[in-house]
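A short worksheet on the structure shown next.
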Amino acid sequence: MCLVEINDINLNLGSFQPFLSISEALPLFCGFLGQNDTEPIILEGKCLVVCDSTPSSEPAGNALGMSVRSGSGRVAFSASRQTNHEPTDMSNRTMIIYFDNILVNVGTHFDQESSVFLAPRRGVYSFNFHVVKAYNRQTIQVSLMVNGWPMISAFAGDQDVTREAATNAGLVIMEKGDKAYLRLERGNLMGGWKYSTFSGFLVFPL
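This is the structure in structure tokens:
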């Protein structure tokens, strides 16, 4: 890892090939001059570049080991249950808990129809859930599944509490294309009324 101060940068966005003119740390006034994405943009000023020693791990177009983070890397979702019934195929075959009310879906990686989150890239992800059981004495057990394997679980089974929830949270390393969802292992859910929620977000990429 290295830190370099640059007084002039010429980036040709049409070809994504950076041409850097680096001098000793000279503070200048910062500014931008550009026309469109096919013409150079001149950055003048005191700029700080973070050099990554493993540029091959970065997406194509980032040369010289410079790590570029943009808004496209933001991933977050949160959903709640608004209806009382699961889609028939989900209830009978998969036992995936259905969340039909989307609160946040930055990056659109949570599929409302299947209630499955699809990881867009390798990284550390944070998940949490709060699932309320039905008005009965049955115990419910809920698991966070990744590619069909339970990662964390929670249960609610107090005989004297009618509105108890199975709640848990944790960090999971996921690869690009991995799927995460909640599975009802046993018991019955309370239903809708937006009491039950499922949320997750990308903490940082790997």
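Just so you know, the sequence shown maps onto residues 1 to 206 in full-length UniProt numbering.
Yeah, the Cβ is synthetic: ideal placement off N, Cα and C, and Gly gets one too.
What you are looking at is a predicted structure, and each value in this text was computed from that prediction instead of being measured.
Helix, strand or coil for residue i, going by three-state DSSP, please let me know.
i, result
"T94", "helix"
"G170", "strand"
"G200", "strand"
"G187", "coil"
"G31", "Low confidence applies to G31: its pLDDT is 40, below 50, so where it sits in the model is not reliable, and the reading given next is rough at best. G31 falls in the strand class under three-state DSSP."
"G107", "coil"
"G123", "strand"
"D37", "Low per-residue confidence applies at D37: pLDDT is 49, beneath 50, and the placement is therefore not dependable enough to give any value."
"S115", "coil"
Relative to the C-alpha of residue i, which candidate in the options has its C-alpha closest?
i, options, result
"L144", "Q138, Q159, K133 and N128", "N128"
"T139", "F110, R81, M174 and R163", "R163"
"W193", "V132, Y125 and L202", "V132"
"A76", "R183, E113, G107 and V116", "G107"
"A134", "W149, F110 and A166", "A166"
"G123", "L189, D178 and I173", "I173"
"V146", "G157, D158, Y125 and Q82", "Y125"
"S78", "T94, P120, R121 and H130", "H130"
"W149", "P120, F155, K179 and L171", "K179"
"A169", "G157, T83, S115 and F201", "F201"
"G73", "S196, V142 and R121", "R121"
"V142", "F198, T83, N84 and Q112", "F198"
"Q82", "V203, Y195, P205 and L171", "Y195"
"L171", "A156, F155, S153 and V203", "V203"
"residue 232", "Q159, D158 and Y181", "An answer regarding residue 232 cannot be provided, because it is not within the stretch 1 to 206 covered by the chain."
"E175", "N84, F155 and P205", "P205"
With DSSP as the reference, identify every bridge partner of residue i, one or two as the case may be.
i, result
"F99", "DSSP, once it has assigned bridges, lists no residue as partnering F99."
"N147", "Looking at the DSSP assignment, N147 forms no beta bridge with any residue, so it has no partner."
"S153", "S143"
"residue 288", "This structure cannot speak to residue 288, because the chain is shown only from 1 to 206."
"N128", "A169 and S199"
"L182", "L144"
Throw me the rounded Cβ distance for the residue i and residue j pair, which I believe falls under 8 Å.
i, j, result
"I97", "R183", "7 Å"
"G177", "L103", "About 24 Å separates the two Cβ atoms, so there is no contact after all."
"N101", "S80", "5 Å"
"S114", "F99", "Contact doesn't hold; Cβ gap of about 10 Å is too wide."
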